[in-house]
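Okay, structure first, notes after.
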Amino acid sequence: MIPPIASRFVAGESPAKALEHVRQLNERDVGAIVNLLGEHYDERDPVADDAAEYRTLVEDIANSGLEAAVSVKPSQLGLDISEDVFRAELTEIVDAAADRGVFVWIDMEDHTTTDATLDAFETVAREHGGGVGVCVQANLRRTRADVRRLADVPGKVRFVKGAYDPPADVGYTDGARVDREYRTLLEYAFEHYDGGIGVGSHDPAMVEYAKALHDRYGTDFEIQMLMGVRDDAQYELAGEYEVWQYVPYGDRWKSYFYRRVTERTDNLKFALRAVLTG
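Number 293 marks the last residue of the sequence shown (our numbering); no jumps.
Set out below in structure tokens:
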């Protein structure tokens, strides 16, 4: 059982627990992007196991009628083994999801995986005419060119500041510079994309900027935030905008939880309060 202190950030260990959380979100007009925790596999067995669970999850979402998508990590689907393994497993999941009308997001990992991830996304997105999305990171110097490249690819693009620390020669380390890049990327997308924009940010200033860009250009977009981070804001925004919550689940929750409580002061304060008050 996941302890209450961690259950703020992780929906449970089983698909059933995750889908129950999705039901509760849907009741508050928030969609869910469901992720089975797991990454950086260097053997085929865990890759095959997680890929099979994703295909089952797609079936469960389709049969339930819930407003939910799935999100996969390239290293979870075998990219650390080979690009061929990753593409083969991703294609099977996307094919199954397309048959059932379930959207698939491809998470972005560190900068060494960017080319393989974007290439695979473009291939499956064009094959299916959409139904799949990918993430780009504002803290990488290459991302402006990537965003221009993706403008005519069917599907969706999630814009985030970046959770990985890239080397200085490939990325930006100054927070103010990353913020400027994020705003530049968003404006380009709202001006040139035909919808399909995911604003993946908990920063109120960036959410407000996206709303202003929507008013200026009329481009459709959605707001995406993590489970357990600014939940009240998610519910409030859902009254006027399309909001999706990233919902992780699975038995590999400990490392994910520790990342969440150490990456933001507010999360750490919440965890400490939970410990002190029982």
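For every residue, glycine included, the Cβ atom is placed at its ideal position computed from N, Cα and C.
| Query | Result |
| --- | --- |
| Where residue 292 sits in the DSSP three-state scheme | The pLDDT assigned to residue 292 is 45, lower than 50, so where the model puts this residue is not dependable, and the model offers no usable value. |
| Three CB pairs or more closer than 8 Å across the stretch 173 to 190 and the stretch 211 to 230 | yes |
| Burial state of residue 29 (16 or more Cβ within 10 Å) | exposed |
| Alpha carbon of residue 101 to alpha carbon of residue 226, nearest angstrom | 36 Å |
| Whole-Å CB distance - residue 10 paired with residue 48, under 8 Å assumed | No answer is possible for residue 10: the residues shown for the chain start at 16 and end at 293. |
| Of the residues 156, 208 and 96, the one placed nearest residue 233, counting alpha carbons only | 208 |
| Bridge partner(s) assigned by DSSP for residue 96 | Beta-bridge pairing links residue 96 to no other residue. |
| Where residue 269 falls, given that 16 or more other Cβ within 10 Å makes a residue buried | exposed |
| For residue 70 and residue 244, the rounded distance between their alpha carbons | 28 Å |
| Residue burial classification, residue 75 (beta-carbon count within 10 angstroms, cutoff 16) | buried |
| Three-state secondary structure assigned by DSSP to residue 156 | coil |
| Inside the stretch 214 to 258 only - alpha helix (DSSP H) runs reaching at least 4 residues | 219 to 232 and 246 to 252 |
| Residue of 253, 55 and 167 minimising C-alpha distance to residue 87 | 55 |
| Residue 290 versus residue 50 - alpha carbon distance | Model confidence at residue 290 stands at a pLDDT of 45, short of 50, so the residue's coordinates are unreliable; what they give is reported in the following sentence. Each residue's alpha carbon lies about 27 Å from the other. |
| 6 Å CB neighbourhood of residue 200 in its chain, flanking five on each side removed | 153, 162 and 174 |
| Whole-angstrom C-beta distance between residue 117 and residue 77, which should lie under 8 Å | 6 Å |
| Through-space distance from residue 111 to residue 122, alpha-carbon basis | 18 Å |
| For residue 83 and residue 235, the rounded distance between their alpha carbons | 18 Å |
| CA nearest to the CA of residue 126, picked from 34, 184, 206 and 240 | 184 |
| Whole-number beta carbon distance between residue 149 and residue 133, since they are thought to touch under 8 Å | 6 Å |
| C-alpha gap between residue 140 and residue 251, whole angstroms | 32 Å |
| Endpoints, alpha helix (DSSP H) assigned at residue 72 | 59 to 79 |
| Reduced DSSP category for residue 175 - H, G, I as helix; E, B as strand; rest coil | strand |
| In DSSP terms, what residue 260 is bridged to | 47 and 240 |
| Per-residue burial, residue 33 [other beta carbons within 10 Å of its own, 16 or more giving buried] | buried |
| Expected contact under 8 Å - CB spacing of residue 178 and residue 45 to nearest Å | Contact flag wrong, Cβ pair sits at about 22 Å. |
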